[in-house]
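Numbering (my numbering), first residue to last: 71 to 568.
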């Protein structure tokens, strides 16, 4: 029988108005890849923070390799052999790879950094982890997100981590980077490292997991070995307590007049000669590999990127969108994939965030109408099914899915005609994913239109009426949903015409 790496015994954590974990008990075996899944708000993030020493528990305890532990800080957890790679990476982007690998313990000689030894040691660590393609002298900011993540994992292994926790590790990776990450995970497992893997992507769970734990509403639902008999449908039922439909109502809204038209749109090398028409009632999907220009196209339309060529017409009238203020004035909304960095005001509460994109409505004559702000927030909390303790719930304390709903509410409050949305369900569980897509379908049913970027081809196919595929900044074609398939979209995204 396998040894127990981690045992949780009646672990409980309470926040004001929320019982994040409620007497959670289960075991994780040494050397396993143990996947933990659940809807946003299930308690996964809180559990990670307790295991990582970021938070203490209010009841119960954690045992690590047979010893009861009470971590008071992340350093305590690291010294005990527990390391975490969060969804938002914590590298030092202004330093090189070697300096990141040895952060806090750079080799010195005579009071100065011994760069020769630093780079030799870094090279050895990277090669040992199978990361021979990463240059130890490269600046972190110049690496892809996948390579940055690999460096962070390699750093933990260098510090002799016996337990590595990966939080949504593939949410921003290309398929090639995902495959490299999986190779590294299998290598870690072969060395006896215990891996706790948090993901909403059930295909990854099926591929990687030795065992599976499901949390729901802060409670432990089930822990079981991952056998070939465990299906994704079973996992979803455990997570949400019901079957979840992946029918996002494609084609259910009548297509109306042209709302927006782009002709030969250019923005440097990132966006080259893009032309399309967008109709009321339509969700237009943008597919393509990372770096194909998808996000840059949305940023150009919203005025974050300078236009170097081409033109845009809205409701038949030529418009110049030089900045986000122009975009908002022309009834455009942009929901960024970087919701925590560029989208939300994490230190403010729910009602303040929902009002943030339409502040002028709530302060006529310079007097703030707090009652109107509250009324509007209550309307969207109900309409979006935002799970929060009230209007003054801090957005930083919401789950990822509920943060995304707040961001949607913020921009829908501004009553846009066109919603530009980038990776609408990144880091969002399957239940919230369905809710968000049905909300977008409801938006276009009101004679509005949506342009949606997603890296997940099944999501694009399930939700978009037409699909534009991009490759190296150019449009490879626009397909009607009925004519599209994952194979066609992937071929076009790889530069092939179909």
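Idealized CB from N, CA, C, for every residue including glycine. Predicted model only: the values in this text are computed from it and were never measured.
Checklist entry - How far does the alpha helix (DSSP H) with residue 507 in it reach, from first residue to last? => result Taken as a continuous stretch (DSSP letters only), the alpha helix (DSSP H) holding residue 507 covers 500-514.
Checklist entry - Taking the alpha helix (DSSP H) that residue 190 falls in, what are its first and last residues? => result Its alpha helix (DSSP H) spans residues 185-198.
Checklist entry - Would you call the CB atoms of residue 32 and residue 259 closer than 9 Å? => result This structure cannot speak to residue 32, because the chain is shown only from 71 to 568.
Next on the checklist: Check this for me: beta carbons of residue 326 and residue 517, under 9 Å apart or not?
Outcome noted: Contact: yes.
Next on the checklist: If distances are taken between C-alpha atoms only, which option among 207, 425, 122 and 412 comes closest to residue 482?
Outcome noted: Here the closest residue by C-alpha is 425.
Checklist entry - For the putative contact between residue 167 and residue 208, defined by C-beta atoms under 8 Å, what is the C-beta separation to the nearest angstrom? => result Right, the Cβ-Cβ distance comes to about 5 Å (below 8 Å), so this counts as a contact.
Checklist entry - In chain order, what residues of the same chain have a beta carbon less than 7 Å from the beta carbon of residue 378, not counting five sequence neighbours either side? => result Excluding residues within five positions, the ones whose Cβ falls inside 7 Å are 336, 337 and 338.
Next on the checklist: Does the stretch 228-244 come into contact with the stretch 435-454, if we say contact requires no fewer than three beta-carbon pairs (one atom in each stretch) closer than 8 Å?
Outcome noted: As far as the Cβ criterion goes, the stretch 228-244 does not touch the stretch 435-454, which means the pair count is below three.
Next on the checklist: Suppose you measure from the CA of residue 172 to the CA of residue 75; what does that come to, to the nearest Å?
Outcome noted: Taken atom to atom, the span from the alpha-carbon of residue 172 to that of residue 75 is near 26 Å.
Item to check | residue 348 burial status per 10 Å Cβ neighbour count (16 or more: buried) | outcome: The residue is buried, with at least 16 neighbouring Cβ atoms inside 10 Å.
Item to check | C-beta atoms of residue 536 and residue 352 nearer than 9 Å | outcome: A contact, by the Cβ cut-off of 9 Å.
Item to check | residue 162 classed as buried or exposed, judged by whether at least 16 other C-beta atoms fall within 10 angstroms | outcome: With fewer than 16 Cβ atoms within 10 Å of its Cβ, residue 162 is classed as exposed.
Next on the checklist: Contact defined as beta carbons within less than 8 Å: I believe residue 224 pairs with residue 187. What is the distance between those atoms, to the nearest angstrom?
Outcome noted: Wrong, their Cβ atoms sit about 17 Å apart, outside the cutoff.
Checklist entry - Since residue 523 and residue 384 are thought to touch, with beta carbons under 8 Å apart, how far apart are those beta carbons, to the nearest angstrom? => result Incorrect: roughly 20 Å between the Cβ atoms, too far for contact.
Next on the checklist: Assuming contact is defined by CB atoms lying nearer than 9 Å, are residue 114 and residue 107 in contact in what I supplied?
Outcome noted: Yes, these two residues count as a Cβ contact at 9 Å.
Next on the checklist: Among 272, 541, 181 and 132, whose alpha-carbon lies nearest the alpha-carbon of residue 367?
Outcome noted: Proximity to residue 367 across 272, 541, 181 and 132 peaks at 541, based on C-alpha coordinates.
Item to check | Where residue 104 sits in the DSSP three-state scheme | outcome: Here residue 104 sits in strand by DSSP.
Checklist entry - For the alpha helix (DSSP H) that residue 356 lies in, which residues bound it at each end? => result Unbroken run through residue 356 is the beta strand (DSSP E), 353-357; no alpha helix (DSSP H).
Checklist entry - So residue 220 packs on residue 235, CB below 8 Å; how close in whole Å? => result Actually they are not in contact, since the Cβ atoms of residue 220 and residue 235 sit about 16 Å apart, beyond 8 Å.
Item to check | Inter-residue Cα distance where the pair is residue 286 and residue 504 | outcome: Looking at the two C-alpha atoms, the distance is approximately 17 Å.
Next on the checklist: Just to check my reading of the structure: residue 146 and residue 123 have Cβ atoms closer than 8 Å, yes? What is that Cβ distance to the nearest angstrom?
Outcome noted: Between residue 146 and residue 123, the beta carbon gap of about 5 Å places them in contact (Cβ cut-off 8 Å).
Item to check | Short Cβ contact (9 Å threshold) for residue 454 with residue 416 | outcome: No, Cβ-Cβ distance for residue 454 and residue 416 is not below 9 Å.
Checklist entry - Can you give the Cα-Cα distance for residue 267 and residue 156, rounded to whole angstroms? => result If you draw a straight line from the Cα of residue 267 to the Cα of residue 156, it comes to about 11 Å.
Item to check | Local conformation of residue 296 per DSSP, three classes | outcome: Looking at residue 296 - three-state DSSP - the assignment turns out to be coil, as it is neither helix nor strand.
Checklist entry - With residue 508 and residue 318 assumed to form a contact (beta carbons below 8 Å), what rounded beta-carbon distance in angstroms separates them? => result 7 Å between Cβ atoms; contact.
Next on the checklist: Under 8 Å, with one C-beta from each stretch per pair, do the stretch 289-300 and the stretch 266-281 reach the 3-pair mark?
Outcome noted: Short answer: they touch.
Checklist entry - Which two residues bound the contiguous alpha helix (DSSP H) that contains residue 365? => result 364-371 is the span of the alpha helix (DSSP H), which, as asked, contains residue 365.
Checklist entry - What are the boundary residues of the beta strand (DSSP E) that residue 422 is part of? => result Residue 422 -> not in any beta strand (DSSP E); alpha helix (DSSP H) instead, spanning 420-425.
Item to check | Selected residue, minimal CA-CA separation from residue 397, among 280, 246, 376 and 281 | outcome: Among 280, 246, 376 and 281, the Cα nearest to that of residue 397 is on 376.
Checklist entry - Got a sec, what are the start and stop residues for the alpha helix (DSSP H) residue 166 sits in? => result Unbroken run through residue 166: none, as it is neither H nor E.
Checklist entry - At which residues does the alpha helix (DSSP H) containing residue 234 begin and terminate? => result Unbroken run through residue 234 is the beta strand (DSSP E), 233-237; no alpha helix (DSSP H).
Checklist entry - Using the beta-carbon count (16 or more within 10 Å), is residue 421 buried or exposed? => result So residue 421 ends up on the buried side.
Item to check | For residue 570, the nearest candidate out of 457, 515 and 448 (CA to CA) | outcome: Here the chain comprises residues numbered 71 to 568, so residue 570 is not present and cannot be evaluated.
Next on the checklist: Nearest by alpha-carbon distance to residue 362: which of 562, 462 and 142 is it?
Outcome noted: When only C-alpha atoms are compared, the closest one is 562.
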